[in-house]
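**Student:** Input: one structure, supplied below.
There are 2 protein chains.
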Amino acid sequence: MVKVAVLGFGVVGSGVAEVITGKGDGMKKKVDELLELKYILDVRDFPDSPFAACFVTDFSVIEKDPEVSVVVETIGGVGAALDFTERALKAGKSVVTSNKELVATHGRRLMDLAAEHGAIYLFEASVGGGIPILRPLSECMAANDILEICGILNGTANYIFTRMVQDGVPFEQALKGAQANGYAEQNPSADVEGYDTCRKLSILSSIAFGWHLLPDQIPTKGITQITLEDEAYAAACRRRIKLLGRAIAGEDGTVCAYVEPHFVSEENPLAGVEDVFNAIMVKGNVTGDVMFYGRGAGKLPTASAVVADVIAAARKMERAGYQPWQENRPACVASVDALSSRWYVRLAEGELADSEVLTIPQAGEGEHGYLTQAMPRPQLEKALEGKKVLSVIRVLD
Amino acid sequence: MVKVAVLGFGVVGSGVAEVITGKGDGMKKKVDELLELKYILDVRDFPDSPFAACFVTDFSVIEKDPEVSVVVETIGGVGAALDFTERALKAGKSVVTSNKELVATHGRRLMDLAAEHGAIYLFEASVGGGIPILRPLSECMAANDILEICGILNGTANYIFTRMVQDGVPFEQALKGAQANGYAEQNPSADVEGYDTCRKLSILSSIAFGWHLLPDQIPTKGITQITLEDEAYAAACRRRIKLLGRAIAGEDGTVCAYVEPHFVSEENPLAGVEDVFNAIMVKGNVTGDVMFYGRGAGKLPTASAVVADVIAAARKMERAGYQPWQENRPACVASVDALSSRWYVRLAEGELADSEVLTIPQAGEGEHGYLTQAMPRPQLEKALEGKKVLSVIRVLD
C-alpha cells in the first residue's frame, strides 16, 4: 500500500480525498487498490467529514512518517505550500500539486530538488484542470519541435464572454453571475486580469521549449475593458472574443509569449469553446495542430488529474516526471512588440486608413469599428495618435 | 545509441526514417541523440534514397542483430506484419506500429508476448495519427471510469462529408476528389465502409475498458448511402452528418460499441471537425468530457507519433507500455439494438407519427424528412414497416 497525505482540505483537496477513497457521489469504489489516504492537513476542524480520522494540523507529522510516500499539495499560493513541498521532497516523498502559481514560479527548482532526493514532482492538474495536456505535451509530442501554443486557459474569463454574447449582459454583470455560480472568486483578479492564464502559459511554455519561462516575462492583459459593443463588432466580422495565452517559437530560439484578449475567427476551433471549457492548441513542426479540450477547472475534474499523478508517483514510474527544464533564459524572451497582427480598433470619431470598416446597429454617432492591416503594436499606436480610441484588440489570424 | 529497424518503406515508414534521422523538409536535425536508424526492410529497391545504405530484404538480418532493440512495423495488414512482429518480440526487441488492423485483432496476445520477453509493444499511431490519445487515455485518465468514447476516427470519410456540404458534390464525386488528393486508397472500402473506424474503436475500447473488444463484435455501417439530400435535411435541423465510432459503458459492466453515420448537433464540438481532421471525445465519470483533436492521418503526423513511441521504447521507460488488456469477454458485449436514439428518417411518401417534420426546398413531391422520438432500432423498423424509406440515420443526442 502506498500511503498518501493531502495538504489543504479545500475544493480540490476534498475532491482528491473523495476520488482516492471512493467516498463521494459517482466515485468508483476505490480508484486504485494501491492507494491509501493516511493524512489530511488542515488547520480547520471537520468533525462530520467521512475523513475525520485522517486530519492533522502539524505538517511535521506527515514529514516524519516514513509510511507516507506521496504528498498532495492543494494549499495554493507560494507560502506554506512552498515550505511544505520543499520539506516533503527533501524527505524523499513525491509531491503532486494543482498549484499553478507555485509551479510557474518555483517549478524548476522543485523538480531538481525532487530528483536530488529520489522523488518526483508532478503537476498535470495545474493546467487545464482535468484535460491531459502536460504529459502528452512532454511525451507524446517528443518527436516534434513545438512551434506555438495557443490556448483558452481560464474557464472563468471564458464563461464571462459566453454570458456576454449569449445573454447580452455587460462584463460586470457577467462577472457577478460567475461569482454566484461559484466559478469566480470573491476577488476575481487572477481570472479577469489574466494572471491565472499567465501562470498556466508559463508552465506550458517551460515544458514545450525546455527552459523555465517565468510569469513576469509574459506581458499580460486582462478582459475587464471588454464591452458589449466590442462583442457586437466581433460578431459583425464573424469572430469571437477570447482571452488567449500564446507562446510562439522564433527561428532563432527565442520565445514570444503573452496573454491578451483576441478576436478569433469562427472558423478556428478555439472560437467554439464556450462556458467554463478550456482548449489548448499545440502546433508541432511534424504533427501540425493538435487540440486538447475539456473542463478546465472544477473540483472533480481537477481532482482526477491530481489522482492520476498520484497513481503515477505511487507506482514509482521511471518516466513519471517531466523532462527537466533548463534555467530561465532572459536573452531568449522575444518582445511581443515585434509581433505583427491585424487589430480591431473602435474609434469614437474619425477614420482609420487602410482598414476594413465594421458597422453595428447600436454604434454611437460617428463611431466605427475597424480591422487594420497586420502591423506590430508600436506601429498601430503611432497610427492611432490623436484619435479618440475606445477599444483595441488583437486579431488572431 | 539505440539502433532502430523500420519494416516497410511506404508512406509512414519513410516518414519515420525522415523524422528519426532529420533528413527531410522541416525536420529537426535529429529527433533524439539516442536513436540511430540501422535497417529498413523492403523488397523494393530505393537506390536514390538518402537511406539507401540501410536497406535489407531479409527480416532475419534484423531479427538476429543483437544491436537492434526497437523495430518499427509499418507494413500493414496481418500477414508478414504479424510474423515479423512476433519474431521481433520473441527476440526481445520492442515493436512500435501504426498498424491498426494488427493491433485490433492480435493486440492483446502481442502485448503479452512482449511482456514475456522483456520488450514493449506500442501503437499510439494506430489511432488518431499524430493526436496523442492512447497514452493519455491509458494514463492521465487513470482516476476515471470511462463512460463513453465517441469519435470521428477516419479522416477520409470526414473529408468526403466536408466536400459534400461545402462544395455540394455527391458522394461518388467527393470520394474521387479524396482519391485524387491522396486521402483515399484506390480501394476505399476500409474508409467508406467504416472498417478503419471499427478497428480504431476496437483499440480505444480495449484500452478504455481493460478487455479486448474485437472488431467483429462492433456492428459497422459505412457512409456510401449518404446523399446530398440527407446533408440538406441535416442542415435544416442544424446538424451535420459525421461517421462516428461510439463505445458506451453500461452500469452492468457491458459495452455497447458500434460504427454508424450520425446526425450531430452543431452545438456539439464534434460537428465542427472538418476535412481530414479527427476528434475523439472521452467521457470520464470524474473528468467529464475531454476531447482530443488533430490531423488523424498523413505521413508526418503519423510518423511523429511512431517516433515518440520509439523514444519511449528506446529509453526503456518502465511504464511505457499500456495497461495490459484482459481477454475478450463475449458476455459483456451489449447489442446496439438496445440503444435508444432519436432517428432521422426520409420517406418518399406517407407520414411518420410523433416526429418532428423537416423540409428542404429540393425535396421530391410528397417526400419528407423526420426526426423521431427516441427509440431502439427494432422499434423504429417496426414503425417504418410498409413505408417507402429513403434514408435512416441515427441522431447523436
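Chains A and B supply the protein sequences, listed in that same order.
FYI, the numbering for the first sequence is 1 to 397, going by the working numbering.
FYI, the numbering for the second sequence is 1001 to 1397, going by the working numbering.
For glycine and all other residues, C-beta sits at the position ideal for the given N, C-alpha and C.
Less than 7 angstroms between the C-beta atoms of alanine 1125(B) and valine 1306(B), yes or no?
**Tutor:** Here residue 1125(B) refers to the residue found at position 125 of the second sequence. Here residue 1306(B) refers to the residue found at position 306 of the second sequence. Yes, they are a contact pair.
**Student:** Against phenylalanine 292(A), what residues of chain B qualify as contacts under a CB-to-CB distance less than 7 angstroms, listed in chain order?
**Tutor:** Sequence index remark: in the first sequence, residue 292(A) carries index 292 (1-based). What phenylalanine 292(A) touches in chain B, judged by beta-carbon distance under 7 angstroms, is Phe1292, going in chain order.
**Student:** Is it right to say leucine 1380(B) is buried, meaning 16 or more other beta carbons lie within 10 angstroms of its own, or is it exposed?
**Tutor:** As a first step, residue 1380(B) must be located in the second sequence, where it is residue number 380. With 16 or more Cβ atoms within 10 Å of its Cβ, leucine 1380(B) is classed as buried.
**Student:** Just the Cα atoms here: how many angstroms apart are isoleucine 1280(B) and valine 56(A)?
**Tutor:** Here the question's residue 1280(B) lines up with position 280 in the second sequence. Here the question's residue 56(A) lines up with position 56 in the first sequence. One C-alpha to the other measures close to 43 angstroms.
**Student:** Are the beta-carbon atoms belonging to alanine 303(A) and glycine 15(A) less than 7 angstroms from one another?
**Tutor:** Numbered from its first residue, the first sequence carries residue 303(A) at position 303. Numbered from its first residue, the first sequence carries residue 15(A) at position 15. Cβ atoms of alanine 303(A) and glycine 15(A): closer than 7 angstroms.
**Student:** Kindly indicate if chain A contains any beta-carbon less than 7 angstroms away from that of proline 1301(B).
**Tutor:** Here residue 1301(B) refers to the residue found at position 301 of the second sequence. Yes, because at least one Cβ of chain A sits closer than 7 angstroms to the Cβ of proline 1301(B).
**Student:** Whole-angstrom Cβ separation of alanine 1247(B) and leucine 1204(B), contact assumed at under 8 angstroms?
**Tutor:** One-based indexing of the second sequence puts residue 1247(B) at position 247. One-based indexing of the second sequence puts residue 1204(B) at position 204. Right, the Cβ-Cβ distance comes to about 7 angstroms (below 8 angstroms), so this counts as a contact.
**Student:** With a cut-off of 7 angstroms, does the C-beta of isoleucine 1040(B) fall near any C-beta of chain A?
**Tutor:** For the purposes of this step, residue 1040(B) is identified with residue 40 of the second sequence, where counting begins at 1. Chain A, which has no Cβ nearer than 7 angstroms to the Cβ of isoleucine 1040(B), makes this no.
**Student:** Tell me, please, whether the CB atom of alanine 143(A) is closer than 7 angstroms to any CB atom in chain B?
**Tutor:** Within the first sequence, the letter at position 143 stands for residue 143(A). Yes, alanine 143(A) counts as interfacial toward chain B.
**Student:** Among the residues of its own chain, which have a CB less than 7 angstroms from the CB of phenylalanine 161(A), if the five just before and after it don't count?
**Tutor:** One-based indexing of the first sequence puts residue 161(A) at position 161. Only Ile241 and Lys242 meet the Cβ criterion.
**Student:** Alpha carbon to alpha carbon, how far is leucine 352(A) from methionine 1164(B)?
**Tutor:** Stepping through the first sequence from its first residue, residue 352(A) is reached at position 352. Stepping through the second sequence from its first residue, residue 1164(B) is reached at position 164. Taking the straight line joining both Cα atoms gives about 41 angstroms.
**Student:** Using C-beta distances below 6 angstroms, list every residue in its chain close to phenylalanine 292(A), excluding the 5 sequence neighbours before and after it, in chain order.
**Tutor:** Residue numbering aside, residue 292(A) sits at position 292 when the first sequence is read from its first letter. The residues are Ile131, Ile133 and Ile280.
**Student:** Threshold first: 4 residues or longer. Then list the alpha helix (DSSP H) segments lying entirely within the segment 181–269 of chain A, N to C.
**Tutor:** Here the runs fully enclosed are 189–192, 195–209 and 228–236.
**Student:** Is DSSP giving asparagine 1278(B) helix, strand or coil here?
**Tutor:** As a working note, residue 1278(B) is residue 278 in the second sequence. If DSSP states are grouped into helix, strand and coil, asparagine 1278(B) belongs with the strands.
**Student:** Where do the ends of the beta strand (DSSP E) carrying methionine 1291(B) lie?
**Tutor:** For the purposes of this step, residue 1291(B) is taken as the residue at position 291 of the second sequence. From DSSP, the beta strand (DSSP E) with methionine 1291(B) extends over 1288–1295.
**Student:** Report the option in Thr97(A), Asp252(A), Arg346(A) and Leu89(A) whose CA atom is closest to the CA atom of threonine 227(A).
**Tutor:** Within the first sequence, numbered from 1, the residue matching residue 227(A) stands at position 227. Considering only Thr97(A), Asp252(A), Arg346(A) and Leu89(A), the residue with the shortest C-alpha distance to threonine 227(A) is Arg346(A).
**Student:** May I ask you to report which of helix, strand or coil DSSP gives methionine 1(A)?
**Tutor:** Position 1 of the first sequence, counting from 1, holds the residue named residue 1(A). DSSP places methionine 1(A) in coil when its eight states are reduced to three.
**Student:** Since leucine 1371(B) sits in a beta bridge, which residues does DSSP pair it with?
**Tutor:** Within the second sequence, residue 1371(B) is the residue found at index 371, counting from 1. Beta bridge pairing from DSSP links leucine 1371(B) with Tyr1344(B) and Glu1356(B).
**Student:** Give a yes or no on whether the C-beta atoms belonging to valine 264(A) and leucine 147(A) are separated by under 7 angstroms.
**Tutor:** Taking the first residue of the first sequence as 1, we reach residue 264(A) at position 264. Taking the first residue of the first sequence as 1, we reach residue 147(A) at position 147. Not in contact: valine 264(A) and leucine 147(A) (Cβ atoms no closer than 7 angstroms).
**Student:** What does glutamate 139(A) reach in chain B if we use C-beta pairs closer than 8 angstroms?
**Tutor:** Taking the first residue of the first sequence as 1, we reach residue 139(A) at position 139. Within chain B, the residues near glutamate 139(A) are Pro1132, Arg1135, Ala1308 and Ala1312.
**Student:** For leucine 1082(B), does the count of other Cβ atoms within 10 angstroms reach 16, so buried, or fall short, so exposed?
**Tutor:** Translated into the one-based positions of the second sequence, residue 1082(B) becomes position 82. When all chains shown are included, leucine 1082(B) counts as buried.
**Student:** Given alanine 174(A), which residues of its chain have a CB within under 6 angstroms of its CB, disregarding the five upstream and five downstream residues?
**Tutor:** Locating residue 174(A) in the first sequence gives position 174, counting from the first residue. Contacts found: Ile160, Arg163 and Met164.
**Student:** Any C-beta of chain B within less than 7 angstroms: which residues of the segment 257–290 of chain A qualify?
**Tutor:** Flagged, chain order: Pro269, Gly272, Gly284, Asn285, Val286, Thr287, Gly288, Asp289 and Val290.
**Student:** Would you mind listing the beta strand (DSSP E) stretches within the segment 10–60 of chain A that are 3+ residues and don't spill past its ends, in chain order?
**Tutor:** 35–41
**Student:** Can you tell me which of Met1141(B), Ala1249(B) and Gly1128(B) puts its alpha carbon nearest to the alpha carbon of aspartate 289(A)?
**Tutor:** Position 289 of the first sequence, counted from the first residue, corresponds to residue 289(A). Nearest option by C-alpha distance: Gly1128(B).
**Student:** Note the first and the last residue of the continuous alpha helix (DSSP H) segment covering arginine 163(A).
**Tutor:** By 1-based counting over the first sequence, the position of residue 163(A) is 163. Start and end: 155–167.
**Student:** Using a beta-carbon distance below 7 angstroms, is serine 304(A) in contact with chain B?
**Tutor:** To locate residue 304(A), count along the first sequence from 1; it is residue 304. Closer than 7 angstroms to the CB of serine 304(A) there is at least one CB belonging to chain B.
**Student:** Tell me the rounded alpha-carbon separation between glycine 1253(B) and cysteine 1332(B).
**Tutor:** Residue 1253(B) sits at position 253 when you count from the first residue of the second sequence. Residue 1332(B) sits at position 332 when you count from the first residue of the second sequence. Spanning the two alpha carbons is a distance of roughly 7 angstroms.
**Student:** With three or more beta-carbon pairs closer than 8 angstroms as the criterion, would you say the segment 89–98 of chain A touches the segment 67–76 of chain A?
**Tutor:** yes
**Student:** When you compare only the Cα positions, how much space is there between asparagine 1285(B) and glycine 294(A)?
**Tutor:** Reading the second sequence from its first residue, position 285 is the one you call residue 1285(B). Reading the first sequence from its first residue, position 294 is the one you call residue 294(A). When rounded, the distance between both Cα atoms is 13 angstroms.
**Student:** Between serine 1391(B) and the rest of its own chain, which residues show a CB-CB distance below 6 angstroms, the 5 nearest in sequence each way excluded?
**Tutor:** Locating residue 1391(B) in the second sequence gives position 391, counting from the first residue. The residues are Asp1230 and Arg1346.
**Student:** Once DSSP output is grouped into helix, strand and coil, what is the label at glutamate 172(A)?
**Tutor:** Here residue 172(A) refers to the residue found at position 172 when the first sequence is read from its first residue. In the three-state DSSP reduction, glutamate 172(A) falls in the helix class (H, G or I).
**Student:** Please name the residue, chosen from Phe1051(B), Gly1364(B), Val1255(B) and Lys1221(B), that lies closest to glycine 980(B) on a Cα-to-Cα basis.
**Tutor:** Residue 980(B) is absent from the structure shown; chain B starts at 1001 and stops at 1397.
**Student:** Please check if any C-beta of chain B sits within less than 7 angstroms of the C-beta of arginine 239(A).
**Tutor:** As a working mapping, residue 239(A) is identified with position 239 in the first sequence. By this cut-off, arginine 239(A) is not an interface position.
**Student:** Cβ of valine 6(A) within 7 angstroms of Cβ of isoleucine 40(A)?
**Tutor:** Here residue 6(A) is taken as the residue at index 6 of the first sequence, counted from 1. Here residue 40(A) is taken as the residue at index 40 of the first sequence, counted from 1. Against a cut-off of 7 angstroms, the Cβ pair of isoleucine 40(A) and valine 6(A) comes out as a contact.
**Student:** Less than 7 angstroms separating the beta-carbons of valine 1282(B) and isoleucine 1152(B)?
**Tutor:** Looking up residue 1282(B) in the second sequence gives position 282. Looking up residue 1152(B) in the second sequence gives position 152. Cβ atoms of valine 1282(B) and isoleucine 1152(B): not closer than 7 angstroms.
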